[in-house]
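**Student:**
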Amino acid sequence: MVSTLVTGIGELVTNDGSLGEGPLGLVPDAALVVEDGAVAWVGPAAAAPAADARVDVEGRAVLPGFVDSHAHLVFAGERSAEFEARMSGVPYDGGGIASTVRATREAGDDVLRARLRELVAEMRAQGTTTVEVKSGYGLTAADEERALRLAGEVTAETTFLGAHVVPAEYAGRASEYVALVTGPMLAACAPHARWVDVFCEPASPHAFDGDASRAVLVAGRDAGLGLRVHGNQLGPGPGVQLAVELGAASVDHCTYLTGADVDALASGTTVATLLPGVEFSTRQPYPDARRLLDAGVTVALATDCNPGTCFSSSMALCVALAVREMRMTPAEAVWAATAGGAAALRRTDVGHLGIGARADLCVLAAPSYRHLAYRPGVPLARTLELPG
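Number 346 in my numbering belongs to position 238 of the sequence shown; there are no gaps in the numbering.
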């Protein structure tokens, strides 16, 4: 077993209060030892034990690798013209997804695989070490199964999103499409998925109402999948309440929340995953993160990287937007982008740097985590590759 000492850490974010100061578990002038891919020791650099190899980060800050718990990376084509139209005032209602469905269905496996791997590499180069990947751009049993099979090549966090929108060939026959999703499509996809998700958005003419969403989630749960929900993005709706009632791991977007929605989240175990890159790219209102945090809700940040509403793979951008636009402190935003994402995936091995955690390290070209929001747009974050 090879051990590696990472030293010269100006500031270490552990997200473990037993190891350091405050909710981020900050350790100044720190070091850590990695053995067999896991954290074996954390503490002051002056007290560090010997190891087989040594990496000196020369005063830079180190934090847990970002955990991006919401991404749509299996697709073909692009939608820059749609983005330009939105910047000119055309509202978003979910309809543009159909163009990505057409392009994805026409693409071969090699094309989809190449795009997927390119985006995962782009994320890793910016400090993201865990990513969830959804299907949802095939919307046939064969195409959804293919998307999940490809996603499984790059991550264990695969999500069946056959209920993304009602495809064109089922226009006016949404109930028939839900029957397909909960029947043959689910049967084909469940062996390749950890999660099931649904775009619960009655405000969109393309997505699913509360009854249809419940049917999709219950069928997925019965097939052994964990639950995730797209909810309350375009207007108030049943998504949050449904997610909490059914014990979903996460409800994502949460742009339009009632007081009852906030109370439900505060009293349950469902994480509120906020996606500020979407609001940046659609000019919709930003979620009120401050309201959620003050109520005691667990909040995560994720990119929602996709070709339509947020074609960004940068968790650092999400941190900066959360601080500037959603009234989160830099510490809250960093926690949400690491430990919060882990909670949204119900993972205990990532999102922190406690003893036994996966040694997923993000190093900043800066002395403190605060620089992620302090220097927006500057490529500070990268994954630290260790020997062995």
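Backbone N, C-alpha and C define an ideal beta-carbon position, used for all residues, glycine too.
None of these values were measured; they are calculated from a predicted model.
Would you mind working out which of R194, L325 and A255 sits nearest A287, comparing C-alpha positions?
**Tutor:** Taking the first residue of the sequence shown as position 1, residue 287 is located at position 179. Taking only the C-alpha atoms, the option nearest A287 is L325.
**Student:** Which whole-angstrom value is the C-beta distance of A211 and A184, which I expect to be below 8 Å?
**Tutor:** Stepping through the sequence shown from its first residue, residue 211 is reached at position 103. Stepping through the sequence shown from its first residue, residue 184 is reached at position 76. Rounded, the Cβ-Cβ distance is 4 Å, consistent with contact.
**Student:** Where does G118 fall in DSSP's three states?
**Tutor:** Position 10 of the sequence shown, counting from 1, holds the residue named residue 118. Three-state result, G118: strand.
**Student:** Is the distance from the Cβ of H338 to the Cβ of C297 below 8 Å?
**Tutor:** Locating residue 338 in the sequence shown gives position 230, counting from the first residue. Locating residue 297 in the sequence shown gives position 189, counting from the first residue. No; because the gap between Cβ atoms is not below 8 Å, this pair is not in contact.
**Student:** Considering S321, what are the terminal residues of the beta strand (DSSP E) in which it resides?
**Tutor:** Here residue 321 is taken as the residue at index 213 of the sequence shown, counted from 1. Run containing S321: none in the beta strand (DSSP E); it sits in the alpha helix (DSSP H), G318 to D330.
**Student:** In the segment 342-417, which residue ranges form an unbroken alpha helix (DSSP H) of at least 4 residues, counting only runs that do not cross its ends?
**Tutor:** Those alpha helix (DSSP H) runs which fall completely within the segment 342-417 and span 4+ residues are 347-354, 367-375, 384-390 and 397-402.
**Student:** Is it right to say D457 is buried, meaning 16 or more other beta carbons lie within 10 angstroms of its own, or is it exposed?
**Tutor:** Translated into the one-based positions of the sequence shown, residue 457 becomes position 349. D457 comes out exposed.
**Student:** Can you give, in chain order, each stretch of the beta strand (DSSP E) that sits fully within the segment 147-183 and has at least 3 residues?
**Tutor:** Runs of the beta strand (DSSP E) inside the segment 147-183: 161-164, 169-172 and 174-176.
**Student:** Suppose contacts are defined by Cβ-Cβ distances below 8 Å. Is T446 in contact with D176 by that definition?
**Tutor:** Reading the sequence shown from its first residue, position 338 is the one you call residue 446. Reading the sequence shown from its first residue, position 68 is the one you call residue 176. In this structure, D176 does not lie closer than 8 Å to T446 by Cβ.
**Student:** Expressed to the nearest angstrom, what Euclidean distance is found between the alpha-carbon atoms of T377 and A351?
**Tutor:** The residue given as residue 377 occupies position 269 in the sequence shown. The residue given as residue 351 occupies position 243 in the sequence shown. Their backbone Cα atoms lie some 10 Å apart in a straight line.
**Student:** Could you tell me the alpha carbon to alpha carbon distance between A489 and A259, rounded to whole angstroms?
**Tutor:** Here residue 489 refers to the residue found at position 381 when the sequence shown is read from its first residue. Here residue 259 refers to the residue found at position 151 when the sequence shown is read from its first residue. Computed Cα separation, rounded: 24 Å.
**Student:** Just confirm the distance between the C-beta atoms of C413 and A179, as a whole number of angstroms; I'd bet it's less than 8 Å.
**Tutor:** Sequence index remark: in the sequence shown, residue 413 carries index 305 (1-based). Sequence index remark: in the sequence shown, residue 179 carries index 71 (1-based). The pair is a contact, with the Cβ atoms about 5 Å apart (cut-off 8 Å).
**Student:** Please report the Cβ distance between V405 and A374, rounded to the nearest whole angstrom; I am assuming they are in contact, meaning their Cβ atoms lie under 8 Å.
**Tutor:** To locate residue 405, count along the sequence shown from 1; it is residue 297. To locate residue 374, count along the sequence shown from 1; it is residue 266. Contact holds; Cβ gap of about 5 Å.
**Student:** Between the C-alpha atoms of F191 and S389, what's the straight-line distance to the nearest angstrom?
**Tutor:** Start at 1 with the first residue of the sequence shown, and residue 191 comes out as number 83. Start at 1 with the first residue of the sequence shown, and residue 389 comes out as number 281. Distance between the alpha carbons of F191 and S389: 7 Å.
**Student:** Mapping DSSP to helix, strand and coil, what is F191?
**Tutor:** As a position in the sequence shown, residue 191 is number 83, starting the count at 1. Note: F191 maps to helix in three-state DSSP.
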